[in-house]
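Below is one structure, written out as structure tokens, with a few remarks after it.
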Amino acid sequence: MGLAELSEVLKGLPPVNDPRLLVGTNTADDAGVYKLSDDLAIIQTVDFFPPTLDDPFTYGQVAAANSLSDVYAMGGTPVTVLNVVGWPSGTFPLNVLTDILRGGQDKVTEAGAVVAGGHTCVDRELKYGLSVTGVIHPDKILTNAGAKAGDRIILTKPLGIGVITTALKLGRVNDELAKKVGSVMITLNKKAAEIMKQFRIHAVTDVTGFGLMGHLHEMMLYSGMHARLFFKQIPILPEAYDFTGPETVPGGTKKNMSFLEPNVVLSQDIREEENILIHDAQTSGGLLICVDHDDAADLMANLHADGVGQASLIGQVLEGEAGKIYVEL
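In this text, residue positions in the sequence shown follow UniProt numbering: the first is 1, and each later residue adds one.
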């Protein structure tokens, strides 16, 4: 569901007034956070979607990594998960589902969490994902709403996943590129999250269906700030430029561009394909981090030293004009 549609739906819901709900839907954050005691809160999130890749095991890995990411974006540690499956009976052999679940469990185990069960239902289209429960100290929650003027903005994974996976469904992507984009999607945000918590982080989210622009817009809106980005510093899979034509741009990307147009100001030298990619709907994308400007260089150095090699400092946070994003070449 696009940003505009989701916003309209949520407007019709009554507010939740419970002091134990530390993070709810009011700032469109990555997960809910509920306080159990003075030193323990639980993080809850759920995510599932149709296949992005042909290989069932890898698809399971991608879906799990994507679901776990919301807990990392809140600064927490995932502990248990439940599988969520929509299964088109009679369409695939049952071993396909076994492979999907094995892929999911592989990433859950890597995260240090456990699969506690799950739920299946018959569906016309295959879908898989996880409901994830994580834990965190109530005083250490990271949200998407605390960015401060002067913060530097860091993105930990490259963009372009949406257009490439759409092209893959159309048979336009070779095996080498399929493996490359798969390796990006199955990479957990665990390491990046562990590293960032050593520094003064003011706001975090992860980049998924609303694209870089959509998630950054929400971050700036709820922080009361605006952002300036430098396009040449944004990490993008170079092959993605080959798939920015009308047939391979996902519907979600087009919705992002339409909804966000009033809040995204592009310099005249930004090309259309570049505009598409910064709005591209991602699956299992990177963390988008607002870090104190004095810590930015050290955070970048630590990310690169510990294997988060595609992390890039892409811009800065500025006062006022809540939700606006200015993009320069």
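Every residue, glycine too, gets a C-beta built ideally from N, C-alpha and C. Predicted model only: the values in this text are computed from it and were never measured.
Worksheet item: Between V264, G286, G323, G252, which lies nearest to V181 when the distance is taken from Cα to Cα?
Response: Position 181 of the sequence shown, counted from the start, is the residue given in the question as residue 181. The residue among V264, G286, G323, G252 with its C-alpha nearest the C-alpha of V181 is G286.
Worksheet item: Run through DSSP, which three-state label would R102 get?
Response: In the sequence shown, counting from the first residue as 1, residue 102 sits at position 102. Residue state for R102 is assigned as helix, using DSSP reduced to three classes.
Discussion item. Pairs of beta-carbons, one from the stretch 40-59 and one from the stretch 79-96, closer than 8 Å: are there three or more?
Written reply: With a cut-off of 8 Å on Cβ pairs, the stretch 40-59 is in contact with the stretch 79-96, counting three or more such pairs.
Worksheet item: With a CB to CB cut of under 8 Å and the five nearest residues on each side skipped, what residues in its chain are close to D206?
Response: Residue 206 sits at position 206 when you count from the first residue of the sequence shown. D30, S69, D70, Y72, A73, N189, H215, G285, G286, L287, L288.
Worksheet item: Is it buried or exposed for P15, if we count other Cβ within 10 angstroms and need 16 for buried?
Response: What you label residue 15 is simply residue 15 of the sequence shown in a count that begins at 1. So P15 ends up on the exposed side.
Worksheet item: Taking just the CA atoms, how far does S7 sit from N26?
Response: Residue mapping note: residue 26 aligns to position 26 of the sequence shown, counting from 1. Residue mapping note: residue 7 aligns to position 7 of the sequence shown, counting from 1. Using only the alpha carbons, I get a separation of about 10 Å.
Worksheet item: Whose CA, out of G134, H304, L94, A149, lies closest to the CA of G224?
Response: Taking the sequence shown and counting its residues from 1, one reaches residue 224 at position 224. Among G134, H304, L94, A149, the Cα nearest to that of G224 is on A149.
Fill in: Sequence ranges, alpha helix (DSSP H) only - wholly within the stretch 125-207, length at least 4
Counting only runs of 4+ residues, the alpha helix (DSSP H) found wholly inside the stretch 125-207 occupies 161-169, 175-186, 190-196, in chain order.
Practice prompt. State the DSSP-derived secondary structure class of S267, mapped to helix, strand or coil.
Written response: What you label residue 267 is simply residue 267 of the sequence shown in a count that begins at 1. Under the three-state reduction of DSSP output, S267 falls in the coil class, being neither helix nor strand.
Worksheet item: Should N174 be labelled buried (16 or more other beta-carbon atoms within 10 Å of its own) or exposed?
Response: Within the sequence shown, numbered from 1, the residue matching residue 174 stands at position 174. Exposed: under 16 other Cβ atoms inside 10 Å.
Fill in: Segments of 3+ residues assigned as beta strand (DSSP E) that fall wholly inside the stretch 207-292
Taking only runs of at least 3 residues, the beta strand (DSSP E) segments lying wholly in the stretch 207-292 are 225-230, 264-266, 287-291.
Worksheet item: From the DSSP output, which residues share a beta bridge with K35?
Response: Sequence index remark: in the sequence shown, residue 35 carries index 35 (1-based). According to DSSP, K35 bridges with A41.
Worksheet item: Using CA coordinates, which residue listed in G117, K140, K127, P19 is at the minimum distance from L53?
Response: The residue you call residue 53 lines up with position 53 of the sequence shown. Minimum Cα-Cα distance from L53 among the listed residues G117, K140, K127, P19 corresponds to K127.
Discussion item. Which residue marks the beginning of the beta strand (DSSP E) containing E319, and which one marks its end?
Written reply: The count along the sequence shown starts at 1 and reaches residue 319 at position 319. Note, E319: beta strand (DSSP E), 312-319.
Worksheet item: By how many angstroms is the C-alpha of G309 removed from the C-alpha of L299?
Response: Position 299 of the sequence shown holds residue 299. Position 309 of the sequence shown holds residue 309. Using only the alpha carbons, I get a separation of about 12 Å.
Fill in: Own chain, CB closer than 8 Å to L130, minus 5 neighbours either side, in chain order
Counted from its first residue, the sequence shown places residue 130 at position 130. Closer than 8 Å at Cβ, skipping near neighbours: V46, D47, F48, A63, A64, S67, L68, V81, L82, N83, V84, G104, V108.
Item to complete: Check the DSSP bridge columns for L21 and list the partner residues they point to.
Response: On the sequence shown, residue 21 is found 21 positions in, with the first residue counted as 1. Answer is Y34, bridged to L21.
Worksheet item: Contact check, I276 vs V135 under 8 Å by CB: the rounded distance?
Response: Taking the sequence shown and counting its residues from 1, one reaches residue 276 at position 276. Taking the sequence shown and counting its residues from 1, one reaches residue 135 at position 135. Contact doesn't hold; Cβ gap of about 38 Å is too wide.
Worksheet item: Roughly how many angstroms separate the alpha carbons of D38 and R20, rounded to a whole number?
Response: Along the sequence shown, one-based indexing puts residue 38 at 38. Along the sequence shown, one-based indexing puts residue 20 at 20. As the crow flies, the alpha-carbon of D38 is around 10 Å from that of R20.
Worksheet item: Do you know how far the Cα of E274 is from the Cα of M213?
Response: Your numbering for residue 213 matches position 213 in the sequence shown. Your numbering for residue 274 matches position 274 in the sequence shown. Between M213 and E274, the C-alpha separation is close to 12 Å.
Worksheet item: On the three-state DSSP scale, how would you describe P78?
Response: For this step, residue 78 is matched to residue 78 along the sequence shown. DSSP, reduced to helix, strand and coil, places P78 within a strand of the structure shown.
Worksheet item: Taking Cβ to Cβ, would you say P246 is nearer than 8 Å to V163?
Response: Along the sequence shown, read from residue 1 onward, the residue named residue 246 stands at position 246. Along the sequence shown, read from residue 1 onward, the residue named residue 163 stands at position 163. Contact flag unset, no.
Worksheet item: Should D280 go down as buried or exposed, given a rule of 16 or more other Cβ atoms within 10 Å for buried?
Response: Mapped onto the sequence shown, residue 280 falls at position 280. Buried: at least 16 other Cβ atoms inside 10 Å.
Fill in: Classification of E319 by the beta-carbon crowding that lies within 10 angstroms, buried from 16 upward
Numbered from its first residue, the sequence shown carries residue 319 at position 319. With fewer than 16 other Cβ atoms within 10 Å, it is exposed.
Fill in: Local conformation of N83 per DSSP, three classes
Within the sequence shown, residue 83 is the residue found at index 83, counting from 1. In the structure shown, N83 falls within a strand segment according to DSSP collapsed to helix, strand and coil.
Worksheet entry | Reference N95; option with closest CA among C121, A116, F57 | Along the sequence shown, read from residue 1 onward, the residue named residue 95 stands at position 95. Among C121, A116, F57, the Cα nearest to that of N95 is on F57.
Worksheet item: What are the partner residues of D47, as DSSP defines its beta bridges?
Response: Position 47 of the sequence shown, counting from 1, holds the residue named residue 47. Beta-bridge annotation (DSSP): D47 is paired with L130.
Worksheet item: When burial is assigned at 16 or more other CB atoms within 10 Å of the CB, is K255 buried or exposed?
Response: Here residue 255 refers to the residue found at position 255 when the sequence shown is read from its first residue. Buried, since its Cβ has 16 or more Cβ neighbours within 10 Å.
Worksheet item: Under three-state DSSP, which class holds T120?
Response: The sequence position of residue 120 within the sequence shown is 120, counting from 1. Reduced to three states, the DSSP call for T120 is strand.
Discussion item. For D18, count the other beta carbons within 10 Å of its own beta carbon; 16 or more makes it buried, fewer makes it exposed. Which is it?
Written reply: Along the sequence shown, one-based indexing puts residue 18 at 18. Around the C-beta of D18, fewer than 16 other C-beta atoms lie within 10 Å, and the residue is accordingly described as exposed.
Fill in: S258 burial status per 10 Å Cβ neighbour count (16 or more: buried)
Within the sequence shown, the letter at position 258 stands for residue 258. When all chains shown are included, S258 counts as exposed.
Discussion item. Here's the rule I'm using: 16 or more other beta-carbon atoms within 10 Å means buried, otherwise exposed. How should residue 369 be labelled?
Written reply: It is not possible to answer for residue 369, since the shown part of the chain is limited to 1 through 329.
Discussion item. What would DSSP say about V108, mapped onto helix, strand or coil?
Written reply: Here the question's residue 108 lines up with position 108 in the sequence shown. V108: helix per DSSP, three-state reduction.
Worksheet item: What first and last residue would you give for the beta strand (DSSP E) that runs through V327?
Response: Within the sequence shown, residue 327 is the residue found at index 327, counting from 1. 325-328 is the span of the beta strand (DSSP E), which, as asked, contains V327.
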